[in-house]
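Student: Under numbering that gives the first Met the number 0, the first residue of the sequence shown is numbered 0, with each subsequent residue one higher. Note that beta-carbon positions come from the ideal geometry of N, C-alpha and C, so glycine has one too. Values in this document were obtained by computation on a predicted structure and should not be read as measured data. Mind having a look at this structure? Questions to follow.
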Amino acid sequence: MSTQKNILYRHQLLFSILLLTSFAVAQSEISSSLQLVIAARSGGDYTLAAGSYTLSDTLSINDDLKLIGAGKDQTIINIQKAPLGIQVTADVDVYFEGIGFHYDATEPGDIMQFSAGRFNIIDCDFQKAIYGESSDEA
């Protein structure tokens, strides 16, 4: 009987490890602005729950990042920081899908700026941008 319990325990332990591993590999769901900022810093694959996410500072993406929203009318990222909402300066892969990006700052600025890396933006919406004339002379 002791051998049978030992075998059963080993099977339960193996099942538990496999179950935990599957959760770790699955996409994590983001449901708050703070989680979004942390995800952008650490990189990875995430889903954004339906709702509104407010960025009060520039969001710098420094690692590969994949964000999939619930739909461009259901998942909204509100950018409140001028002159730049989202910035990518590292050689990373960025993927956005099903997200609405709304520029809510009062000063002219950019929703996104990519100076390095590769990006895919699929079925996203960009609204409320403010155009400003450059003071630089050509």
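What is the rounded straight-line gap between the Cα of Asn77 and the Cα of Ala115?
Tutor: Distance between the alpha carbons of Asn77 and Ala115 is about 23 Å.
Student: Can you name, in chain order, every residue of its own chain whose Cβ lies under 6 Å from the Cβ of Thr57, other than the five neighbours on each side?
Tutor: Counting only Cβ-Cβ distances below 6 Å, and skipping sequence neighbours, we find Lys80, Leu83 and Gln86.
Student: Could you check what DSSP says for Ala23 in three-state terms: helix, strand or coil?
Tutor: With a pLDDT of only 43 at Ala23, under 50, the local geometry of the prediction cannot be trusted, and no value is derived from it.
Student: Going by the beta-carbon positions, is the gap between Phe125 and Phe95 smaller than 8 Å?
Tutor: Contact flag unset, no.
Student: Going by DSSP, name the residue or residues bridged to Ser59.
Tutor: Ser59 pairs with Gln86.
Student: Is the separation between the beta-carbon of Asp62 and that of Ser41 shorter than 8 Å?
Tutor: Yes; because the gap between Cβ atoms is below 8 Å, this pair is in contact.
Student: With which residues is Asp72 paired in a DSSP beta bridge?
Tutor: Note: Asp72 sits in no beta bridge, so no partner.
Student: For the candidate residues Asp122, Ile67, Asp44 and Arg117, whose alpha-carbon lies nearest to that of Val91?
Tutor: Among Asp122, Ile67, Asp44 and Arg117, the Cα nearest to that of Val91 is on Arg117.
Student: If I measure Cβ to Cβ from Leu54 and keep anything under 8 Å in the same chain, skipping five residues before and after, which residues do I get?
Tutor: Answer for Leu54: Ser32, Leu35, Val36, Ile76, Asn77, Ile78, Gln79, Lys80, Gly84 and Ile85, listed in chain order.
Student: Could you tell me the distance, in whole angstroms, from the CA atom of Ala46 to the CA atom of Ile110?
Tutor: Checking the sequence shown, residue 46 turns out to be Thr, not Ala. Rounded to the nearest angstrom, the two C-alpha atoms are 20 Å apart.
Student: May I ask you to list the residues that DSSP assigns as paired with Thr140?
Tutor: Any property of residue 140 remains undetermined from this structure, which presents the chain solely from 0 to 137.
Student: Between the C-alpha atoms of Asp44 and Pro107, what's the straight-line distance to the nearest angstrom?
Tutor: Distance between the alpha carbons of Asp44 and Pro107: 31 Å.
Student: Taking the alpha carbon of Ala38 as the point to measure from, which residue in Leu66, Ser51, Ala48 and Gly50 has its own alpha carbon closest?
Tutor: With distances taken between Cα atoms, Ala38 lies closest to Leu66.
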